[in-house]
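> There's a structure below that I have some questions on.
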Amino acid sequence: IFPGCRLVRFPLRGDARGSLVALEATREVPFEIRRVYTIYGTAPGVARGFHAHHALHQLAVAVAGSCSIVLDDGKTRTSVRLESPEQGLTLPPMVWHEMEDFSPDCVLMVLAEDHYDEADYIRDYGEFRRLAGAGAE
Ligand code: T46
Numbered sequence: 002i003f004p005g006c007r008l009v010r011f012p013l014r015g016d017a018r019g020s021l022v023a024l025e026a027t028r029e030v031p032f033e034i035r036r037v038y039t040i041y042g043t044a045p046g047v048a049r050g051f052h053a054h055h056a057l058h059q060l061a062v063a064v065a066g067s068c069s070i071v072l073d074d075g076k077t078r079t080s081v082r083l084e085s086p087e088q089g090l091t092l093p094p095m096v097w098h099e100m101e102d103f104s105p106d107c108v109l110m111v112l113a114e115d116h117y118d119e120a121d122y123i124r125d126y127g128e129f130r131r132l133a134g135a136g137a138e
């Protein structure tokens with residue numbers, strides 16, 4: 002998609018009883034995990050995100066339901082649909098992201114490399130484009 006932005010398919014460890022997916026730090030998850038947060042119960046029509054991170058690496062998994070993540074590197078926009086616990090989207094630093102089209106049952110789990118730090122957010126799109134070297138809006 003963009004450098005560092007990948008849709009990763011996880012190994013399945015299910016059997017006749019049902020499915021199981023295991024995510025291990027530095028293996029399926031390409032970093033050490035210091036935080037996990039979950040977005041769920043999203044009201045219809047709501048979009049979230051609208052920021053990039055200076056340094057944070059994350060991995061997003063729709064463990065139930067589905068949602069779309071719009072990705073923007075300052076030059077190009079693309080959208081990825083997450084709809085299975087068997088796949089995750091890596092969200093590297095300096096990629097603007099917006100989450101939208103949540104199904105009512107969507108549970109979006111995000112694994113993060115670091116603790117919450119508001120100073121790591123770029124919430125102004127113009128500033129993001131400047132920092133991304135994309136020129137004026
Ligand atoms: C991201 C996308 C995918 C905390 O106190 N701790 C946390 O770990 C997080 C993630 C949020 N918060 C507080 C900060 C805000 O007052 O929870 C409130 C809602 O957070 P925010 O508006 O940033 O949520 P989203 O859905 O726009 O963005 C979140 C993450 O913040 C962000 O890092 O990449 O999901």
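Taking the working numbering, the leading residue of the sequence shown gets 2, the next gets one more, and so forth.
Every residue, glycine too, gets a C-beta built ideally from N, C-alpha and C.
Round the Cβ separation of ILE2 and LEU92 to the nearest angstrom and send it over; I've been treating them as touching at under 8 Å.
So it is not a contact: roughly 10 Å between Cβ atoms.
> Apart from the five residues on each side of it in sequence, which residues of its chain come closer than 6 Å, Cβ to Cβ, to TYR38?
Once the five neighbours on either side are set aside, the close Cβ partners of TYR38 are VAL111.
> Determine the closest residue to LEU13 out of GLU87, ALA63, ALA113 and LEU132, with distance taken between C-alpha atoms.
Checked all of GLU87, ALA63, ALA113 and LEU132; the closest Cα to LEU13 is GLU87.
> Using only the alpha-carbon positions, how far apart do ARG82 and TRP97 sit?
Taking the straight line joining both Cα atoms gives about 16 Å.
> Taking a contact to mean a Cβ-Cβ separation below 8 Å, would you say ALA113 touches ARG28 in this structure?
Contact flag unset, no.
> Of all the options SER80, ASP74 and ASP102, which has the alpha carbon lying nearest to the alpha carbon of GLY134?
Ranking the options by Cα distance to GLY134, first place goes to ASP74.
> Which whole-angstrom value describes the C-beta separation of LEU60 and VAL30, a residue pair presumed to lie in contact below a C-beta threshold of 8 Å?
About 5 Å; that satisfies the 8 Å criterion.
> In whole angstroms, give me the CA-to-CA distance for GLY5 and VAL64.
Rounded to the nearest angstrom, the two C-alpha atoms are 22 Å apart.
> Closer than 7 Å: is that where the CB of GLY46 sits relative to any heavy atom of the ligand T46?
GLY46: no, Cβ never under 7 Å from the ligand T46.
> Are the Cβ atoms of ARG124 and HIS52 separated by less than 8 Å?
In this structure, HIS52 lies closer than 8 Å to ARG124 by Cβ.
> Of all the beta strand (DSSP E) runs that stay within the bounds of the stretch 35 to 97, which reach a length of 3 or more residues?
You should have 36 to 41, 49 to 54, 59 to 65, 68 to 73, 78 to 83 and 88 to 92.
> In terms of residues, what are the limits of the alpha helix (DSSP H) holding ARG130?
Looking at the DSSP string, the run of the alpha helix (DSSP H) that includes ARG130 is 126 to 132.
> Going by DSSP in three states, ASP121 sits in which element: helix, strand or coil?
The answer is helix: DSSP assigns ASP121 an H, G or I state.
> Please state whether DSSP places ARG18 in a helix, a strand or coil.
Three-state DSSP puts ARG18 in coil, outside helix and strand.
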